[in-house]
Structure formats: C-alpha cells, structure tokens
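Asks:
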Amino acid sequence: MKKIFNDKDGKLKELESIVFEIERLKDTIDWAHSTIQSCLINLEGGKGLDDNDVKMFAVDIRENLNKKEKAMAELDYYTNEKLKKELSKLKIVNTPNGFLEDLDRLKKDRGINNFWVDLKKNI
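All the letters of the sequence shown, read from the start, carry residue numbers 87 to 209 under the numbering used here.
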C-alpha cells in the first residue's frame, strides 16, 4: 500500500487512514458535482430530449445531490472530529484545516491531485 507519511514505527497509521478517507470523500464530492453539471448542461441544450431523457437526467441529478450532501457531512465529521482528535492525540500543533492545507502543498510538490485517487490508480 502506498504511504503518505514516512511512518517507520506505525504511529501515523490512523492519521493516514483518516487522510485517505478525507481524500475519498473529496473525490466523491468532485465526481458528484461534475455529474450534476454535466446533466444540467445536457438539459439546458437538450433540443429533442424526450420525457424519458429528462426524467433520467433529473433522477441522476437527485442521486448525485444526495451523494454530495452525504459526502459533505461525512467530510465535516472526518475533518472536524476524527482528524482534530487524532492531531491532538499525536500532539501535532495545527488545526485540521491548517493540516489539510499543508497536505495540499505536499500533494502539489509530489504532483498528486488526490492521495486516494493516486492510491487507487497504483493498486
């Protein structure tokens, strides 16, 4: 399994797990948002769409709005509860948002957009 942190003694295993889950949730939100936008574009320019097509797009939008809403709630929980608790446990002096901003810089330095997507690609 690909690692985010250099963790020879295993102390950062839970932190890494939380980060991967946060990254998975961000990917879910991005995917749902893109799908919703695609459906709306199809509906807006949908000359010749029949009722079944419109219904299919409406269902897809609703499903992806629900996925996005659920993922956003989970992301909030993972960021403001689990990550905050783990940072405190590890005595890492940073806020959850500050820590995630630092990770974003690390991703940029490594040429990675999302740790979870990168892990999935390399399994």
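The beta-carbon is built from N, C-alpha and C at its ideal position, and this holds for glycine as well.
These numbers come from a predicted model, not from an experiment.
Can you have a look at residue 152 and say buried or exposed, based on whether 16 or more other CB atoms are within 10 angstroms of its CB?
Replies: Taking the sequence shown and counting its residues from 1, one reaches residue 152 at position 66. Classification of residue 152: exposed, given that the 10 Å Cβ count is below 16.
Asks: May I ask which residues mark the beginning and end of the alpha helix (DSSP H) holding residue 106?
Replies: Sequence index remark: in the sequence shown, residue 106 carries index 20 (1-based). Looking at the DSSP string, the run of the alpha helix (DSSP H) that includes residue 106 is 99 to 130.
Asks: CA-CA distance, residue 165 and residue 108?
Replies: As a first step, residue 165 must be located in the sequence shown, where it is residue number 79. As a first step, residue 108 must be located in the sequence shown, where it is residue number 22. Each residue's alpha carbon lies about 7 angstroms from the other.
Asks: For residue 102 versus residue 91, is the C-beta distance shorter than 8 angstroms?
Replies: By one-based count along the sequence shown, residue 102 stands at place 16. By one-based count along the sequence shown, residue 91 stands at place 5. Contact flag set, yes.
Asks: Taking Cβ to Cβ, would you say residue 176 is nearer than 8 angstroms to residue 105?
Replies: One-based indexing of the sequence shown puts residue 176 at position 90. One-based indexing of the sequence shown puts residue 105 at position 19. Going by C-beta atoms, residue 176 is not nearer than 8 angstroms to residue 105.
Asks: Between residue 186 and residue 115, how many whole angstroms is the CB-CB distance? I'm expecting something under 8 angstroms.
Replies: Translated into positions along the sequence shown, residue 186 becomes position 100. Translated into positions along the sequence shown, residue 115 becomes position 29. Not quite, the Cβ-Cβ distance comes to about 14 angstroms (not below 8 angstroms), so this is no contact.
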